[in-house]
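Below you'll find the structure, written out as structure tokens, and then a few comments.
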Amino acid sequence: AARRPGGGEAAARDVPSLEREQGLCAEEHAGDLRFQVLRGGATSAAAGGGALLALLLYCDLVNAQLPSMTLKYITKLVLRSDHRSVVCTRGGRVAGGVTYRPFV
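If you read the sequence shown in the working numbering, its first letter stands for residue 881, the second for the next number, and so on.
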């Protein structure tokens, strides 16, 4: 199937947004779609290998989508202890995410 820039399949364009949203909500309730707030640094290592692995897979995903940014720079930002990452996993695979630095 043809892929669009956002990563979805071409058939996803034909589904009205409300139906797509309801499908994604059903996936989330079933546990197939998960959102985790992860933190880099010693906290992710102490939380176990799952959090660190998810962060590293997220780094690879960002690198694939933003090839002009070096993997070293992306990893440095994602794994910093003062940054947070919301990582979306779908079917056990990292599907997306966002990294931010809270100013508190």
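Heads up, the beta-carbon is just placed ideally off N, CA and C, and yes, glycines get one too. Note that the structure is a prediction, hence the values are computed from the model and not measured.
Could you check the C-alpha separation between residue i and residue j for me, to the nearest Å?
i, j, result
"L936", "G911", "22 Å"
"R970", "F915", "9 Å"
"Q902", "L951", "35 Å"
"P982", "H963", "7 Å"
"A948", "H909", "The residue you asked about is not Ala; residue 948 is Ser in the sequence shown. Taking the straight line joining both Cα atoms gives about 36 Å."
"G929", "R900", "33 Å"
"L904", "V984", "32 Å"
"V917", "C968", "9 Å"
"P896", "N943", "30 Å"
Would you kindly check if the distance between the Cβ of residue j and the Cβ of residue i is under 8 Å?
i, j, result
"G977", "Y953", "no"
"L898", "E907", "no"
Take residue i and list the residues in its own chain whose beta-carbon comes closer than 7 Å to its own, dropping the five residues that flank it on each side.
i, result
"V958", "G920, L935, Y938, C939, S965 and T979"
"G972", "none"
For residue i, collect the residues of the same chain with a Cβ closer than 8 Å to its Cβ; drop the 5 residues on either side in sequence, then sort them by chain order.
i, result
"K956", "none"
Bridge partners of residue i, per DSSP?
i, result
"V978", "V966"
"F915", "C968"
"R960", "BP columns for R960 are empty, so no partner."
"R973", "R970"
If contacts are defined as beta-carbon pairs under 8 Å, then residue i and residue j qualify, I think. What distance do you get, rounded to the angstrom?
i, j, result
"V974", "L941", "6 Å"
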